[in-house]
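In what follows, a structure is listed as structure tokens, so that the remarks can point back to it.
In UniProt numbering, the protein residues as written are 1 to 722.
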């Protein structure tokens, strides 16, 4: 048989032979690799010494074990065996240097591979993974290992899953077929090149709980800050990894609490005589393995208010269920409030993809090392599972309340892929299924009906569609309905994007809904001004002004402060206010003066704020000009420092936006009628460029000049005795 031996220029004919030494594995137990990301998996370690440059001297023709390739390995060295993730290789020799002699199944050439790139498999797992699609093998392996994982260093099982056979029984894997034990070619000489290490992705900080000690836990920081990354996350994203799912045991083991802890608890209970005091102490000072990993990256004032923090620390706080003093010193709904605030403002400091990846990474966190069995159960029950539930709650809130499907539709596809990996017996499988159903429901959900609920009140119609022949109350109602339809389209993201005044990576909306609502205010003012200036006589102009005052008063009663403000702005403008002869005939000046007081800008339009505050339980269309101004002022008042995000700024933004949009959930009971078409036609002709202002000024001067001439004629007639 011809065998190609790497490193030689020609083919050498060798006879296959079988040389099996059953003793190498009898002298040492199975070792667990501390470098493995999942400590429950095992890797066999040979105890016999082998020469670095000699052929196999012991067990050279038998398969020692099989391995799963966890990383891609590409090498130009002819003595190296390049491989891809998810491949399964057979190992024939293990060098102390970390180089292992391997061959593909069905191959005829043995070459060297680095140990750090592969994961040893038990025979049962190897056979199982061979029946799984190649691209899913790592996912299947990790999910299985994390499902059955438990701390190895202190938790003892009655019988290990994988025990080396005694010398009389031959090799490690007794179930290997005779075909796999057939003779194999010798490997080439041991490599002299340095041992390579798999490249760890640095696009996100690795969120892990494998800490050697509590002190190391406090000092650990993410290796690479996400904010310093230059490459977009989407360009380097790998397939979604499977989540960690730990099934709840039906029978809890009796916890073995340390003697020191017992004495401390007994002393506290003896001194206080209260179980509540002991519970309070345990809540404010949980064990190190239950504490968040990045609390030192948060800035919190003495009152417990969050000031700033790094991105990973803020995301951790978003979902970590064990936060010292969180449930004691803060309101019950404070966590939900923080989650809503975060999901409303996070696009100002991180892309949605980064948030999704961080949440998945935390969901898949591994347990801390050096835990007793009772500590592991406590960590699982009080940390892992509650945090996983919080993550699914955040996904639900992002989907249901924060318009994930509208803002980030591509995230919904990744979310579905993630949720499919949460299966029974995980206690969260039903929650994941409900979120999946919500995605489907919201995707195909139809919007609300275009028309408002039917009102049984009498409808007023005008055959000639003459505006001033219509009742002012009808015009006010249709204006209110028109403005409300624009108001409910505004999203919190529109307002936050307006506040930042810049298009960051997460704020990509064009703010069309907000712009349409704000421009309507100017269009209504232009429409009112135009109708007054086009009155041919002072008496006619005064009638038109009286009509609009009645409309504004009715808008005030309907809590339509947006239209009311636009009408009052128009009537109090210079181009209308200087028509003295017209105002002499206006009979509703007192009403106008009362409404005009609300337009005073003093105190940040405090009068409008009070009106909006009193209308909290009723339908309302607020005047939002002062809120938009406040958002910009908050941006100038607070700023991010380095890699720390100012959450005080985001909290202020969120509070203002929630006040601005809180009336969206209270619709009006007004029926749309033909007056709506008249309003739409009159507003459609006004552009947002305000090029009509110069025309209004010219027209106002002309009307004022005419009024002066008429006033002179009138005074002349009066002096003549007429």
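Where a beta carbon is used, it is the ideal one built from N, C-alpha and C, also for glycine.
{"Query": "Using the Cα positions of residue 158 and residue 386, report the straight-line distance between them to the nearest angstrom.", "Result": "Confidence at residue 158 is low in this model, with a pLDDT of 39, below 50, so its placement is unreliable and the value that follows should be read with caution. So the alpha carbons of these two residues sit roughly 30 Å apart."}
{"Query": "Taking residue 117 and residue 80 to be in contact with their CB atoms under 8 Å, please state how far apart those CB atoms are, rounded to whole angstroms.", "Result": "The Cβ separation is near 11 Å, so there is no contact."}
{"Query": "Considering residue 307, what are the terminal residues of the alpha helix (DSSP H) in which it resides?", "Result": "Per DSSP, residue 307 belongs to no alpha helix (DSSP H); it is in the beta strand (DSSP E), 306-309."}
{"Query": "Hey, would you say residue 65 sits closer than 8 Å to residue 91, going by beta carbons?", "Result": "yes"}
{"Query": "Taking only the alpha-carbon atoms, compute the straight-line gap between residue 516 and residue 500 and give it to the nearest angstrom.", "Result": "19 Å"}
{"Query": "Can you confirm whether the region 558-569 touches the region 469-479 when touching is taken to mean that 3 or more C-beta pairs between the two stretches lie within less than 8 Å?", "Result": "yes"}
{"Query": "Taking DSSP as the reference, what is the three-state secondary structure of residue 708?", "Result": "helix"}
{"Query": "Mind checking whether residue 339 and residue 397 have CB atoms under 8 Å apart?", "Result": "yes"}
{"Query": "On the criterion of 16 or more Cβ atoms from any shown chain inside 10 Å, does residue 660 qualify as buried, or is it exposed?", "Result": "buried"}
{"Query": "From the DSSP secondary-structure annotation, give me the bridge partner or partners of residue 120.", "Result": "67"}
{"Query": "Does the region 583-590 come close enough to the region 544-558 to have 3 or more Cβ pairs within less than 8 Å?", "Result": "yes"}
{"Query": "Can you tell me whether DSSP reads residue 585 as helix, strand or coil?", "Result": "coil"}
{"Query": "Tell me whether the region 667-684 and the region 367-386 touch, counting them as touching only if at least three CB pairs, one residue from each stretch, are closer than 8 Å.", "Result": "no"}
{"Query": "Report the CB separation of residue 652 from residue 624 in whole angstroms; it is logged as a contact under 8 Å.", "Result": "About 16 Å; that fails the 8 Å criterion."}
{"Query": "Can you tell me which of 293, 538, 622, 699 puts its alpha carbon nearest to the alpha carbon of residue 362?", "Result": "293"}
{"Query": "If you count every other CB in all the chains shown that lies within 10 Å of the CB of residue 93, and 16 or more means buried, which is it?", "Result": "buried"}
{"Query": "Give a yes or no on whether the C-beta atoms belonging to residue 570 and residue 528 are separated by under 8 Å.", "Result": "yes"}
{"Query": "With residue 93 as the anchor, note down where its beta strand (DSSP E) starts and where it stops.", "Result": "88-94"}
{"Query": "Should residue 702 be labelled buried (16 or more other beta-carbon atoms within 10 Å of its own) or exposed?", "Result": "exposed"}
{"Query": "Compute the beta-carbon to beta-carbon distance between residue 498 and residue 628, rounded to the nearest angstrom, for a pair I have assumed lies under 8 Å.", "Result": "6 Å"}
{"Query": "Straight-line CA distance for residue 549 to residue 611?", "Result": "18 Å"}
{"Query": "Find the nearest neighbour of residue 442 within the set 408, 400, 413, 427, judged by alpha-carbon distance.", "Result": "400"}
{"Query": "Taking C-alpha atoms, which residue in 289, 285, 342, 337 lies nearest to residue 313?", "Result": "342"}
{"Query": "Answer with buried or exposed for residue 524, where buried requires no fewer than 16 other C-beta atoms within 10 angstroms of its C-beta.", "Result": "buried"}
{"Query": "In or out: residue 708 buried (at least 16 other Cβ within 10 Å) or exposed?", "Result": "exposed"}
{"Query": "I'd like to know whether the C-beta atoms of residue 188 and residue 111 end up nearer to each other than 8 Å.", "Result": "yes"}
{"Query": "Whole angstroms is fine: what's the gap from residue 654's alpha carbon to residue 636's?", "Result": "16 Å"}
{"Query": "Which whole-angstrom value is the C-beta distance of residue 647 and residue 307, which I expect to be below 8 Å?", "Result": "7 Å"}
{"Query": "Could you tell me which residues DSSP pairs with residue 684 in its beta bridges?", "Result": "DSSP lists no partner for residue 684."}
{"Query": "Quick one: give me the first and last residue of the alpha helix (DSSP H) that residue 653 is part of.", "Result": "647-661"}
{"Query": "Identify, in the order they occur along the chain, each residue of the same chain with its Cβ nearer than 8 Å to the Cβ of residue 300, setting aside the five sequence neighbours on each side.", "Result": "306, 307"}
{"Query": "May I ask you to list the residues that DSSP assigns as paired with residue 298?", "Result": "309"}
{"Query": "What is the residue span of the alpha helix (DSSP H) that residue 104 lies within?", "Result": "No alpha helix (DSSP H) contains residue 104, which is instead part of the beta strand (DSSP E) from 99-104."}
{"Query": "Give me, in chain order, the residues of the same chain whose beta-carbon lies closer than 8 Å to that of residue 412; leave out the 5 immediate sequence neighbours on both sides.", "Result": "399, 404, 405, 439, 443"}
{"Query": "Alpha carbon to alpha carbon, what distance is there between residue 138 and residue 723?", "Result": "Coverage of the chain is limited to positions 1 through 722, which leaves residue 723 absent and any answer about it impossible."}
{"Query": "What three-state label does DSSP hand residue 644 in the structure shown?", "Result": "strand"}
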